[in-house]
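Following: one structure in structure tokens, then a few remarks.
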Amino acid sequence: MKMSNMFVQTMREFPSDAEVISHKMLARAGYIKKLTSGVYTFLPLMWRVLKKIENIIRDEMDKAGAQELLMPFVQPKELWEESGRWNAYGGELMRLKDRHGREMCLGPTHEEIITSVARDILKSYKQLPVNLYQIQSKFRDERRPRFGLLRGREFIMKDAYSFSTSQEDLEREYQNMWQAYTNIFKRCGLDTKAVQSDSGAIGGSVSHEFMVITDTDAGENDVFYCECDYSANSNHAVSNLPDAVTDGSFSESKIVDTPNVGSIEDLSKFLNCPQTVICKSLVYIVDKAPVVALIRGDRAVEETKLMNAVGGLDIRIATSGEIEEMMKENGFDAVAGFIGPKGLKKYGEYEVKIIADKTVANLKNFVIGINQTDKHLVGANWGVDIELPEIVEDIRLVEAGDFCPECGKPLKVTRGIEVGNIFQLGTKYSAPMNAVYLDANGKTQPYIMGCYGIGVTRTAAAAVEAHHDEWGIKWPLAIAPYHVVVVPVSTQDNEQMKVANEIYEQLLSAGVEAVLDDRNERAGVKFKDADLIGFPFRITVGKTISEGNVEFVERSNGEKLAIPPQDAVDKVVKAVKEIL
RNA sequence: CGGGAUGUAGCGCAGCUUGGUAGCGCACAACGUUCGGGACGUUGGGGUCGCAGGUUCAAAUCCUGUCAUCCCGACCA
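See the structure below:
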């Protein structure tokens, strides 16, 4: 490809609407163009990168025994009603109607479709196991698209689905995919960490997320990890707590005045007791129903855990208005900050559920709200003053410094970009959708399923997050849009142009993806563009050609060599061979 | 969906307070001088000032509505 013909426009400035580095760089270097919020055109350079990632994925998935197919993007409501997700999925499901008024949706994921396809074909245990995958655009109407390709609404995803006859087979395939994913990301030049995670709206039990570790805001997940193998997303992480005072040492149980002391911090100071002896009561709304969560004063609730503890799909903290309404309905007159579990029965048509975190179960002589504004109960004890709730679960958000649940050493925290995940679904879809086969005994059985996703576009963006400097992108060779750019310093100089052309032709005939920057621009412009676009190698043909040398630059480490043209060509050819 | 901000050429912005013939830099086209880290000069093309209504002799500017985009919170590849 000659640079003068390339459909690309680099910009001197970053677009003002970009926040994270991958978005800024990809937009400025001419890889992407936004059409509307969360929806981008992938320009030729971007498309080359995406195709490279896709092909690495295809290669590894095929090697792992999976088969590629392609399912429809537009899907009928009926299938989603079978699985129960037409109602459960929420606002991210982009719903639409056709001209006859039939309700459809744009595919955010394809469990329903693949299950309906499989159940018509996979009738016998002899046909199993099977793993099917596709690479396709998905649409999720994100509440808040942001960060360019990291969280678009329309994005490219590889999604795979496995069908097995037993849990053992599923676990084998899960490990198989784990290995394939490890290979894929490694080949893409990304260091990933597989962390335990919550299984969210997709459902199922066991799941892991593949995270690209980053210290920037682009990493939207908090990952807790240990020097042993343990690592988990914050929505799933568990920990052992450091020792703390859990006995409030209040000599008697009594109600005390705590005027305007609503926050835990203030309460701790006012009563001159540690936060660890206060039982905090938080009111949440889970799928419209009220849930009161009790947790030790110094700790925070992990909302996903709480939501799972009550089997919900959506969670938010209650508004102060809702809290006041709930108080009135139960005969109290208290505001947030003085709430307690005792005496809370109902709110509207729902019963109030009370969930205690494990941290509060062993509190003694503690402090707790009693639904009276400006008052708290001190010296409280479970079973004496207040009954311990029936449901005691771990709903606590882990903090760095807590101890690893597996080896006991302190946990560390970092940020991660989730580029892939693997789920053990079990019969979550096959059972309700009656997707069954006949086993060796002629008995009907639902498939044991797994699903495995990779965000292709997100992987590309994560690669930029992981590989860049102040001048631009530093693509790993395997996913770079081109391997090398050949830059004649002066297009006026016949000798330089001749050698540059020879190098270029030689690279092309060796199967290298090369670009010749034949534009009549000053050298500085070409160098800046080369750095910004992120060619892994640059061969500059300048004055030193009179001494028989070109300049060979490796973008990844900045190494510069003055070597003969043939050596430069050989180095690129060798590097390219290594990634194939 | 709540809270905050912004919409003027492909990109980055000024102009708006105090209404009066739409500007600057980059990019684009032409010519000339330059030519190893985003050169300079001259000339030129490109705009329903987000959209709709209103006030006014006159609206980018004032008023009302509306749409879009971005940032901060809850979800996920």
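So for the first sequence, numbering that gives the first Met the number 0 puts the first residue at 0; every next one is plus one. Using N, Cα and C, we set each Cβ at its ideal position, and we do this for glycine too.
Bridge-paired residues (DSSP) for residue i
i	result
Gln74	Cys104
Phe138	Glu153
Pro409	Phe402
Leu476	According to DSSP, which records beta bridges pairwise, Leu476 is partnered with nothing at all.
Ser267	None; Ser267 has no bridge partner.
Ala288	Val285
Gly452	Asp158, Asn420
Asn132	It should be pointed out that residue 132 corresponds to Tyr in this sequence rather than to Asn. Tyr132 pairs with Glu67, Ala159.
Val435	Pro445
Met210	Lys192, Glu417
Pro280	The residue you asked about is not Pro; residue 280 is Ser in the sequence shown. Partner(s): Leu293.
Asp332	Gln371
Asp468	Gly471
Val300	Arg395
Cβ neighbour criterion (16 or more within 10 Å) applied to residue i
i	result
Ala439	exposed
Val73	exposed
Val575	buried
Trp543	According to the sequence as given, residue 543 is Thr; it is not Trp. It is exposed - the Cβ of Thr543 has fewer than 16 other Cβ atoms within 10 Å.
Leu429	Going by the sequence as given, residue 429 is Ser instead of Leu. Flag for Ser429 reads buried.
Ala461	buried
Asn175	buried
Asn86	exposed
Gln126	exposed
Ser3	exposed
Pro340	buried
Thr358	buried
Ile120	exposed
Thr443	exposed
His99	exposed
Rounded separation between residue i and residue j - CA only
i	j	result
Tyr451	Gly425	13 Å
Asn182	Glu59	7 Å
Val7	Gly29	5 Å
Val549	Val486	10 Å
Ser267	Phe365	11 Å
Lys96	Met103	6 Å
Glu324	Gly342	14 Å
Pro409	Thr9	46 Å
Thr35	Asn370	48 Å
Lys51	Ala231	29 Å
Ile367	Ser262	12 Å
Gly378	Ser248	7 Å
Arg171	Ser206	14 Å
Asn220	Gln195	12 Å
Leu78	Leu531	46 Å
Gln565	Tyr180	37 Å
Val463	Arg139	23 Å
Phe337	Arg84	38 Å
Gly90	Asp313	11 Å
Ala509	Val572	7 Å
Asn234	Met306	11 Å
Ile354	Pro289	11 Å
Lys33	Val351	46 Å
Gly347	Val291	15 Å
Ala308	Val255	33 Å
Glu553	Pro535	6 Å
Gly454	Glu53	10 Å
Glu558	His467	15 Å
Lys1	Leu515	5 Å
Gln423	Ser198	9 Å
Pro563	Met5	28 Å
Supposed contact pair residue j and residue i - C-beta distance, whole angstroms, cut 8 Å
i	j	result
Met432	Ser115	7 Å
Gly218	Glu141	About 17 Å separates the two Cβ atoms, so there is no contact after all.
Ile447	Gly533	With 8 Å as the limit, Ile447 and Gly533 do not qualify as a contact, their Cβ atoms being about 43 Å apart.
Leu293	Ser280	6 Å
Arg295	Asp384	Rounded, the Cβ-Cβ distance is 17 Å, inconsistent with contact.
Pro144	Phe402	Not confirmed; about 38 Å, so no contact.
Ile56	Lys157	5 Å
Tyr224	Lys192	7 Å
Gly147	Ala17	6 Å
beta-carbon residue i near the ligand HEM non-hydrogen atom, thresh 8 Å
i	result
Thr164	Looking for the ligand HEM in the displayed structure turns up nothing, as the structure carries no ligands at all.
- Task: At 3 residues or longer, and completely inside the stretch 342 to 403: list those beta strand (DSSP E) runs for me, N to C.
- Result: 352 to 356, 365 to 368, 374 to 379, 390 to 392
- Task: Scan the stretch 216 to 262 and note each continuous beta strand (DSSP E) run of 3 residues or more that stays entirely inside, going in chain order.
- Result: 220 to 224, 230 to 232, 253 to 256
- Message: So within the stretch 472 to 552, which uninterrupted beta strand (DSSP E) runs reach at least 3 residues, ignoring any that extend past its ends?
- Response: 483 to 487, 513 to 515, 536 to 540
- Item | Minimum length 3: unbroken beta strand (DSSP E) runs contained in the stretch 1 to 88 | 31 to 35, 38 to 41, 73 to 75
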